[in-house]
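Okay, so the sequence shown: first residue is 0 according to numbering that gives the first Met the number 0, each after it adds one.
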Amino acid sequence: MEKQKTREILRRVRQLEVRTNRLVDELLAGSYHSIFKGRGMDFAGVREYVPGDDVRAIDWNVTARAGRAHVKTFVEERELKILLLVDVSASNDFGSIERSKREWIAELGAALALSAERNGDKVGLVLFSDRVELFVPPARGQAHVLRLIRELLFFEPEGRGTDVGAALDFANGILHRRAVLFLISDFELPERGPGR
């Protein structure tokens, strides 16, 4: 029985990977780093000035010592940390005959994770309901992305409600550098009774 369940899990993960790879190829083609413009933060070195270089990049100390104009060069800071905050509350078990909301959410999360992996970025996962249920720290690699997809498809939460604030507070506490957050939820919040 356990072997059959494992086979079914692997089949669904492969199926989702194929579908989302197609989505990534068609919709998210190319690098998304162009969204984040800027000169970069990491100093790479100094080189001799070439006509057309930005005069604001001239390193006046080196220019004075060398007797010729030199400019500072920078390496574009390209590594992003992607964190998927995914609602796994009970409301996501609802859906149509073909698919539940949870399966749609898993497909979207998988597409984002695969896109990040293709761009060499680290991607992590926070699954939440009325509390943070699971945290998978950001990392790179196909094996890591496949683990995220498995968690998206098969994780069984303990909580039933939705607390987006708890997930955002958790993310704020663990992220110490620049990151891109994707909040994936149906935003079905529990009904509040009178006086609450």
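In this text, a Cβ means the ideal position worked out from N, Cα and C, and glycines have one as well.
Where do the N-terminal and C-terminal ends of the alpha helix (DSSP H) with residue i fall, by residue?
{"i": "L180", "result": "Where L180 is concerned, there is no enclosing alpha helix (DSSP H), although the beta strand (DSSP E) it sits in stretches over V179 to I183."}
{"i": "F97", "result": "Note on residue identity: the sequence assigns Glu, not Phe, to residue 97. Neither: E97 is in no alpha helix (DSSP H) and is coded neither H nor E."}
Is residue i near residue j, with beta carbons less than 8 Å apart?
{"i": "D86", "j": "F127", "result": "yes"}
{"i": "I148", "j": "A110", "result": "no"}
{"i": "A115", "j": "I81", "result": "yes"}
{"i": "F154", "j": "L83", "result": "no"}
{"i": "R130", "j": "A165", "result": "yes"}
{"i": "V144", "j": "L113", "result": "yes"}
{"i": "R11", "j": "L151", "result": "no"}
{"i": "G158", "j": "R139", "result": "no"}
{"i": "T62", "j": "G44", "result": "no"}
{"i": "V125", "j": "F169", "result": "yes"}
From residue i to residue j, what distance separates their C-alpha atoms?
{"i": "V54", "j": "S88", "result": "55 Å"}
{"i": "L27", "j": "W59", "result": "Its pLDDT being 47, under 50, L27 is placed unreliably in this model, and the value from its coordinates should be taken loosely. Their Cα atoms are separated by approximately 42 Å."}
{"i": "S90", "j": "W103", "result": "13 Å"}
{"i": "E176", "j": "R101", "result": "Looking at the sequence shown, residue 176 is not Glu but Arg. Taking the straight line from one Cα to the other gives about 30 Å."}
{"i": "L79", "j": "T161", "result": "28 Å"}
{"i": "I34", "j": "V163", "result": "Its pLDDT being 41, under 50, I34 is placed unreliably in this model, and the value from its coordinates should be taken loosely. When rounded, the distance between both Cα atoms is 26 Å."}
{"i": "E47", "j": "K121", "result": "35 Å"}
{"i": "D92", "j": "P156", "result": "11 Å"}
{"i": "H69", "j": "E132", "result": "53 Å"}
{"i": "D52", "j": "I173", "result": "39 Å"}
{"i": "S184", "j": "P50", "result": "52 Å"}
{"i": "S99", "j": "L167", "result": "25 Å"}
{"i": "S95", "j": "R146", "result": "26 Å"}
{"i": "R67", "j": "G123", "result": "47 Å"}
{"i": "L107", "j": "L188", "result": "21 Å"}
{"i": "P137", "j": "R64", "result": "44 Å"}
{"i": "A142", "j": "I57", "result": "44 Å"}
Can you tell me where the beta strand (DSSP E) holding residue i begins and where it ends?
{"i": "F153", "result": "That residue, F153, is in no beta strand (DSSP E); its alpha helix (DSSP H) goes Q141 to F153."}
{"i": "L174", "result": "Note, L174: premise wrong, no beta strand (DSSP E); not H, not E."}
{"i": "P137", "result": "V131 to A138"}
{"i": "F186", "result": "That residue, F186, is in no beta strand (DSSP E); it is neither H nor E in DSSP."}
{"i": "G123", "result": "K121 to F127"}
Ranges of the beta strand (DSSP E) found wholly within the region 46 to 88, counting only runs of at least 3: 69 to 74 and 80 to 86
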